[in-house]
Amino acid sequence: MKAQTAKIDRALGYPYERPETSYLFSGGIAKNLPGDIDLTDRQPVLACGSNGAPEQLLRKYGARSDIAIPVTAATMSDIACTYSAHFSSYGSIAAALCTVPGIESRVHITWLTEAELQRMHETEAIGMNYHFAHLEGVTIQCEATGPIKNLHAYISLRGSLLLDGKPVLLKGIPAKKTHLLKLDQRAMQEEIRRRLAPDTALEDFILENISNRLTRLKRTAMISQKTEPFIHSGITVLFPNAPYLD
1 MKAQTAKIDR
11 ALGYPYERPE
21 TSYLFSGGIA
31 KNLPGDIDLT
41 DRQPVLACGS
51 NGAPEQLLRK
61 YGARSDIAIP
71 VTAATMSDIA
81 CTYSAHFSSY
91 GSIAAALCTV
101 PGIESRVHIT
111 WLTEAELQRM
121 HETEAIGMNY
131 HFAHLEGVTI
141 QCEATGPIKN
151 LHAYISLRGS
161 LLLDGKPVLL
171 KGIPAKKTHL
181 LKLDQRAMQE
191 EIRRRLAPDT
201 ALEDFILENI
211 SNRLTRLKRT
221 AMISQKTEPF
231 IHSGITVLFP
241 NAPYLD
């Protein structure tokens with residue numbers, strides 16, 4: 001029972017808490033970002049969903065003292081962090097970028113070495129749920145570096161999940177200048193459960209998605225029938241067919 005509770009808590013915690021400002025992820029925790037941090041030879045990767053949270057970075061990189069990942073806060077214009085039309089292997093409804101003119105999203109950027117980037121790829125369901133892409137011509141004001149026009153991002157292959165024809169914002173990622181609906185993970189899961197499995201309790205619905213891959217894929221197919229793809233003129237897909245680690 002305790003293990004099941006932990007799984008449910010992980011699924012419903014997405015996209016997890018993150019500092020409001022920039023930080024250094026090292027030793028498994030968020031530390032103050034040094035003012036003279038060297039970002040040379042590191043790739044900026046937009047954290048659309050949970051990758052801006054120390055809790056998720058701990059799962060991916062562990063508490064090693066030799067890992068020191070700068071995570072910088074930024075404001076992104078005209079692009080929103082919305083729910084993707086798929087369930088992750090750990091039960092969450094994950095995130096997707098979506099073009100929303102006028103919106104201002106408060107996001108984070110992870111600055112990764114080649115080895116750290118490869119590890120991130122292993123955790124992102126590339127080729128099944130996401131592409132890894134280079135974005136040019138974006139408008140991002142980074143707290144640590146100033147304006148950024150080019151960076152990398154994981155782009156949902158499923159597109160943004162639509163409720164009543166509109167994408168839904170992740171409540172845990174602040175956004176301004178928009179009238180789009182904002183839901184936390186529990187509210188979003190409840191909405192989808194009500195539509196797909198109205199006679200199933202939410203906890204059971206989540207555990208079924210975690211434990212039964214075929215059920216998870218079937219439900220993903222159901223919610224991805226009508227979606228909104230991320231459209232941006234500056235996308236160059238780099239890795240469409242990397243191995244999927246479920």
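Going by the UniProt record's numbering, the sequence shown opens with residue 1, and the numbers climb by one from there. Just so it is clear, CB atoms sit at the ideal spot from N, CA and C, and this is done for glycine as well.
The segment 81 to 90 makes contact with the segment 199 to 218: 3 or more CB pairs, one atom from each, lie closer than 8 Å. Three or more Cβ pairs drawn from the segment 104 to 111 and the segment 38 to 48 lie within less than 8 Å of each other, which places the two stretches in contact. In terms of Cβ geometry, Ala175 and Ala80 form a close pair [threshold 8 Å].
Thr72 sits close to Glu143, with the two beta carbons spaced by under 8 Å. Relative to the Cα of Ile103, the nearest Cα in the group Val168, Thr82 and Lys177 belongs to Lys177. The segment 15 to 103 contains, as complete alpha helix (DSSP H) runs of 4+ residues, the segments 54 to 61 (chain order). The alpha carbon of Phe239 has as its nearest neighbour, out of Ala133, Tyr83 and Ala197, the alpha carbon of Ala133.
Excluding five sequence positions before and after Leu202, the CB atoms of its chain that fall closer than 7 Å to its own CB belong to Gln189, Glu190 and Arg193, given in chain order.
In this structure the segment 147 to 165 does not lie against the segment 52 to 66, because fewer than three pairs of beta carbons, one per stretch, are closer than 8 Å.
Secondary structure in the segment 135 to 186: the beta strand (DSSP E) runs of 3 residues or longer, each lying completely within the stretch, are 146 to 156 and 160 to 163 in chain order.
When C-alpha distances from Glu116 are compared across Asp204, Arg64 and Leu135, the shortest belongs to Arg64. In the displayed model, Thr236 falls within a strand according to three-state DSSP.
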